[in-house]
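Visitor:
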Amino acid sequence: MNTPPVKPFERDPAHWLYKLSPDEWLRAALSEMARAEALYQERNAKGGLASARRAAGMALNGALILVPKEWGRSFVDHLVSLRTDVDAPEAVKDACRVLLETQPPGPTLLTLRSPKGDERVLEAARDVVAHAYAVIRKNEPLPKAEPS
């Protein structure tokens, strides 16, 4: 995500991406991250995984506003694209792999899971959110100077 910003943010409530500002997407991602953590605490691995993926995707929406990429529209599309993005750090690509390759619990009566596995998913989502935060901060427009 090293390309220069195309244009300053303009809100468009009817557009899937521009309905929130980059900072609003980050705040939404952090709220979703908290939801993922709570769901894992409640032993709801399916909901926790979905929320972790959603948190990562929401944060990436904020980055996409400032540094447009052809990553598709869904959060999973974003993770699939970032996983192979030549500009992305290896740790972020690895985090995308964890989020994409972790399978939700199936319809079996008992699924063996560990808190370590849950934390791995949460940490992967945090890594993607942190990457999006860094991209947003690096590419956000500077505030306009006040006239003297």
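For the sequence shown, the positions run 520 to 667 when my numbering is used. Heads up, the beta-carbon is just placed ideally off N, CA and C, and yes, glycines get one too.
1) Could you check which residue in Leu536, Glu642, Val640 has the C-alpha nearest to that of Pro587?
2) At 4 residues or longer, and completely inside the region 591-663: list those alpha helix (DSSP H) runs for me, N to C.
3) Between which two residues does the alpha helix (DSSP H) holding Arg573 run?
4) So which of Leu641, Arg530, Pro527, Ala607 has the shortest CA-CA distance to Ala571?
5) Please state the DSSP three-state secondary structure of Phe528.
6) By DSSP, does Trp544 sit in helix, in strand, or in coil?
7) Helix, strand or coil: how does DSSP classify Leu549 here?
Guide: So, to answer that:
1) For the purposes of this step, residue 587 is taken as the residue at position 68 of the sequence shown. Of Leu536, Glu642, Val640, the residue nearest in Cα terms is Leu536.
2) 594-602, 609-620, 634-658
3) Locating residue 573 in the sequence shown gives position 54, where the first residue counts as 1. Start and end: 564-585.
4) If you number the sequence shown from 1, residue 571 lands on position 52. It is Leu641 whose Cα lies nearest to the Cα of Ala571.
5) Reading the sequence shown from its first residue, position 9 is the one you call residue 528. Phe528 falls in the coil class under three-state DSSP.
6) If you number the sequence shown from 1, residue 544 lands on position 25. Trp544: helix per DSSP, three-state reduction.
7) Within the sequence shown, residue 549 is the residue found at index 30, counting from 1. Leu549: helix per DSSP, three-state reduction.
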